[in-house]
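**Q**
Number of protein chains: 2
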Amino acid sequence: MRNHGLAAWHRVMAEGNPPDELAKILADEAVFHSPVVHTPQVGKDKVIAYLAAAGQVLGAPGGHANFRYVRELVDGHEACLEFIAEIDGIAINGIDLISFDRDWLIRDFKVMVRPLKAIGKLRELMAAELEKK
Amino acid sequence: MRNHGLAAWHRVMAEGNPPDELAKILADEAVFHSPVVHTPQVGKDKVIAYLAAAGQVLGAPGGHANFRYVRELVDGHEACLEFIAEIDGIAINGIDLISFDRDWLIRDFKVMVRPLKAIGKLRELMAAELEKK
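Residue numbers (my numbering), protein chains in the order written: chain V, 1 to 133; chain H, 1 to 133.
1. Are the beta-carbon atoms of residue 130 of chain H and residue 49 of chain H separated by less than 8 Å?
2. With a cut-off of 8 Å on the beta carbons, I'd call residue 3 of chain H and residue 54 of chain H a contact; round off their distance for me.
3. Would you decide whether residue 108 of chain H is buried or exposed? Buried here means 16 or more other CB atoms lie within 10 Å of its CB.
4. Residue 64 of chain H: buried (16+ other C-beta within 10 angstroms of its C-beta) or exposed?
5. Skipping 5 residues on each side, what residues in its chain have a beta carbon closer than 6 Å to that of residue 44 of chain H?
6. Nearest-angstrom Cα distance between residue 24 of chain H and residue 68 of chain V?
7. Using the C-alpha atoms, what's the distance from residue 118 of chain V back to residue 90 of chain V?
8. Is residue 65 of chain V helix, strand or coil when you go by DSSP?
9. Can you tell me which of H/70, H/6, H/86, H/105 puts its alpha carbon nearest to the alpha carbon of residue 47 of chain H?
10. Flag residue 112 of chain V as yes if its beta-carbon sits less than 8 Å from any beta-carbon of chain H, otherwise no.
11. When the cut-off is 8 Å and only beta carbons count, does residue 91 of chain V lie next to chain H?
12. Contact check, residue 126 of chain H vs residue 57 of chain H under 8 Å by CB: the rounded distance?
13. With H, G and I counted as helix, E and B as strand and the rest as coil, what does DSSP make of residue 4 of chain V?
14. Between which two residues does the beta strand (DSSP E) holding residue 31 of chain H run?
15. For residue 97 of chain V, tell me which candidate among V/86, V/73, V/15, V/120 has the shortest Cα-Cα distance.
16. Is DSSP giving residue 94 of chain V helix, strand or coil here?
17. Check whether the Cβ atoms of residue 6 of chain H and residue 51 of chain H lie closer than 8 Å to each other.
18. Please name the residue, chosen from V/11, V/36, V/120, that lies closest to residue 112 of chain V on a Cα-to-Cα basis.
19. Decide if residue 76 of chain V is buried, meaning its Cβ has at least 16 other Cβ atoms within 10 Å, or exposed.
20. What's the gap between the Cα of residue 80 of chain H and the Cα of residue 33 of chain V?
21. Taking 8 Å as the threshold (beta carbon to beta carbon), is residue 129 of chain V in contact with chain H?
22. Can you give the beta carbon distance from residue 124 of chain H to residue 99 of chain H, rounded, assuming they're within the 8 Å contact cut?
23. If you follow the beta strand (DSSP E) that residue 81 of chain H is part of, which residue opens it and which one closes it?
24. For the alpha helix (DSSP H) containing residue 101 of chain V, name the first residue and the last one.
25. Cβ of residue 101 of chain V less than 8 Å from any chain H Cβ?
26. By Cβ distance below 7 Å, which residues in the same chain neighbour residue 66 of chain V in space, the five residues on each side in sequence not counted?
27. What residues in its chain sit with their C-beta under 6 Å from that of residue 114 of chain H, if we drop five residues either side in the sequence?
28. In terms of residue numbering, what span does the alpha helix (DSSP H) encompassing residue 46 of chain H cover?
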């Protein structure tokens, strides 16, 4: 089974996660799980805020952080996309663990990052980006 | 394609990752990537040391840390296994990202953990466990 949601995600990601484009590929009841905080962020608007901020911090593939996906596992309506990036000389390695609903909209988006130093850096940059709103 | 390595991993994991059993399912040139440190640990002996220590810290499924897998993505020779656990009241959520070689031996094992508090806890416990050797 082809995962139809993944192509849409890659297209929006390539544009740097603009909020109006994110709105088209997220389910209304979407949930975001940050690498830093335990509590899930529930609802489309919150997920848009986080993914748009991540787009600003990490940039589009090929952007300032040299963000790029290096491995992709697809299993039905689930996908695990491994990425690498580098910010201020700190190597970042992480995954986007994405669940799509029956209409191929994103209903659950979980991010994990390694190593520890990279999480500290991302937390700092994401907090600054989210405070701009 | 059925992933033949995964059943072997689950069997060894259920026993708490005994080193002699790990040795049977790891490739000689296996590599381990910790959630904490950037530098990969290269070679079967090092990978055994880390996975055996993780087995002690997190325990077998159903053990003291209530470790259990909650999601499994399988794509050819790659697998992403999401787990949850709880240690000293701290909720741990993570993934084992495993690559198998053509003989279904584990050649690359990467762990990522969230949230930040859980990584701190795991780092502390893993360091204590590895120092016992």
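We put the CB at the ideal spot given by N, CA and C, even for glycine.
**A** In short:
1. yes
2. In fact, because the Cβ distance is near 21 Å, the residues do not count as touching under 8 Å.
3. So residue 108 of chain H counts as buried.
4. The residue is exposed, with fewer than 16 neighbouring Cβ atoms inside 10 Å.
5. 26, 28, 30
6. 34 Å
7. When only Cα atoms are considered, residue 90 of chain V and residue 118 of chain V end up about 6 Å apart.
8. Collapsing the DSSP output to three states places residue 65 of chain V in coil.
9. Nearest of H/70, H/6, H/86, H/105 to residue 47 of chain H, Cα basis: H/105.
10. yes
11. yes
12. Sure, about 6 Å apart at Cβ, within 8 Å.
13. helix
14. 26 to 33
15. V/73
16. strand
17. no
18. V/36
19. Around the C-beta of residue 76 of chain V, fewer than 16 other C-beta atoms lie within 10 Å, and the residue is accordingly described as exposed.
20. 17 Å
21. no
22. That pair is no contact at about 28 Å.
23. DSSP places residue 81 of chain H in the uninterrupted beta strand (DSSP E) bounded by 78 to 87.
24. That residue, residue 101 of chain V, is in no alpha helix (DSSP H); it is neither H nor E in DSSP.
25. no
26. 85, 86
27. 93
28. 44 to 58
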